[in-house]
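> Shown below is the structure under consideration.
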Amino acid sequence: MAEQRKILILNGPNLNLLGRREPEVYGTEGFEPYLERLKARYPDVTLEYYQSNHEGGLIDKIHEVGFDYDGIVLNAGAYTHTSIALHDAIRAVPCRVVEVHISNVMQREDFRHVSMIAPACAGSIVGFGLDSYRLAIEALLA
Ligand code: DQA
1 MAEQRKILIL NGPNLNLLGR REPEVYGTEG FEPYLERLKA RYPDVTLEYY QSNHEGGLID
61 KIHEVGFDYD GIVLNAGAYT HTSIALHDAI RAVPCRVVEV HISNVMQRED FRHVSMIAPA
121 CAGSIVGFGL DSYRLAIEAL LA
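Just so you know, we're using my numbering here: the sequence shown kicks off at 1 and counts up by one.
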């Protein structure tokens with residue numbers, strides 16, 4: 001039997017508050033129930049989930065799985081717009097990383113129009129609500 005493909009969903013700062021945080025922007029569903037639906041949809045994929053509010057925690061996790069996993073779905077939250085260290089961490093590992101955003105950052109404040117991580121990522125999926133994560137998984141599996 002072929003080995004299961006392994007994908008990490010990595011969420012950055014404030015994304016632990018999904019469902020409660022600015023629901024008009026990020027929706028009313030928490031991430032955990034959504035994750036259960038994703039796992040049910042992809043029974044042949046090992047889907048791991050990790051969230052950190054700390055830049056170093058996100059970098060450590062990329063180092064931990066980046067030489068072993070088939071892909072990382074990364075919503076770096078506000079670190080997207082600031083973190084050269086995350087850019088370097090993504091470049092440091094062979095695993096493909098897809099940048100995701102729940103909201104359409106291009107329709108929001110100017111400071112959200114810049115992504116420090118996009119040039120290091122395989123691609124970016126932006127603005128489809130929580131469905132952005134599923135679309136990123138589809139991209140990694142394609
Ligand atoms: C976000 C967009 C970022 O600008 C913001 O800082 C977030 C969430 C999104 O998923 O839409 O925390 O990454």
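Where is the CB? At the ideal position from N, CA and C, for every residue including glycine.
Do you know how far the Cα of Glu32 is from the Cα of Gly123?
Numbered from 1 along the sequence shown, position 123 holds the residue referred to as residue 123. Numbered from 1 along the sequence shown, position 32 holds the residue referred to as residue 32. Taking the straight line from one Cα to the other gives about 24 Å.
> Helix, strand or coil for Asn11 per DSSP?
To locate residue 11, count along the sequence shown from 1; it is residue 11. Three-state DSSP puts Asn11 in a strand.
> Leaving aside the five residues before and after Leu130 along the sequence, list all residues of the same chain whose C-beta is less than 7 Å from its C-beta, in chain order.
Reading the sequence shown from its first residue, position 130 is the one you call residue 130. Excluding sequence neighbours, Leu130 sits near Gly27, Glu29, Tyr34 and Ile102.
> Between which residues of its own chain and Ala92 is the CB-CB distance below 8 Å, once the five residues before and five after are set aside?
Along the sequence shown, read from residue 1 onward, the residue named residue 92 stands at position 92. Excluding positions up to five away in sequence, the list reads Ile62, His63 and Gly66.
> Compare the beta carbon distance of Ile72 and Val97 with 8 Å and say whether it is the shorter of the two.
Along the sequence shown, one-based indexing puts residue 72 at 72. Along the sequence shown, one-based indexing puts residue 97 at 97. A contact, by the Cβ cut-off of 8 Å.
> Can Cys95 and Tyr133 be called in contact, C-beta distance under 8 Å?
As a working note, residue 95 is residue 95 in the sequence shown. As a working note, residue 133 is residue 133 in the sequence shown. Result no, Cβ atoms of Cys95 and Tyr133 do not sit closer than 8 Å.
> Cβ-heavy atom distance between Arg112 and the ligand DQA below 7 Å?
On the sequence shown, residue 112 is found 112 positions in, with the first residue counted as 1. Arg112 Cβ: within cutoff of the ligand DQA.
> At the level of alpha carbons, what is the spacing between Ala78 and Pro13?
In the sequence shown, the residue the question calls residue 78 occupies position 78. In the sequence shown, the residue the question calls residue 13 occupies position 13. Between Ala78 and Pro13, the C-alpha separation is close to 7 Å.
> What do you reckon, is the C-beta of His81 under 7 Å from a heavy atom of the ligand DQA?
The sequence position of residue 81 within the sequence shown is 81, counting from 1. Because some heavy atom of the ligand DQA lies under 7 Å away, the Cβ of His81 counts as near it: yes.
> When you measure from the CB of Ser115 to every non-hydrogen atom of the ligand DQA, does any distance come out below 7 Å?
Counting from 1 along the sequence shown, the entry for residue 115 is found at position 115. Ser115 Cβ: outside cutoff for every heavy atom of the ligand DQA.
> Ala76 and Ile9: beta carbons closer than 8 Å?
Residue mapping note: residue 76 aligns to position 76 of the sequence shown, counting from 1. Residue mapping note: residue 9 aligns to position 9 of the sequence shown, counting from 1. No, Cβ-Cβ distance for Ala76 and Ile9 is not below 8 Å.
> According to DSSP, is His101 helix, strand or coil?
Taking the first residue of the sequence shown as 1, we reach residue 101 at position 101. DSSP places His101 in strand when its eight states are reduced to three.
> Please report how far the alpha carbon of Val100 lies from the alpha carbon of Gln4, in whole angstroms.
Looking up residue 100 in the sequence shown gives position 100. Looking up residue 4 in the sequence shown gives position 4. Their backbone Cα atoms lie some 23 Å apart in a straight line.
> Keeping to the same chain, check which residues put their C-beta closer than 6 Å to that of Thr80; ignore five residues upstream and five downstream.
For this step, residue 80 is matched to residue 80 along the sequence shown. Cβ within range, chain order: Ser115 and Ile117.
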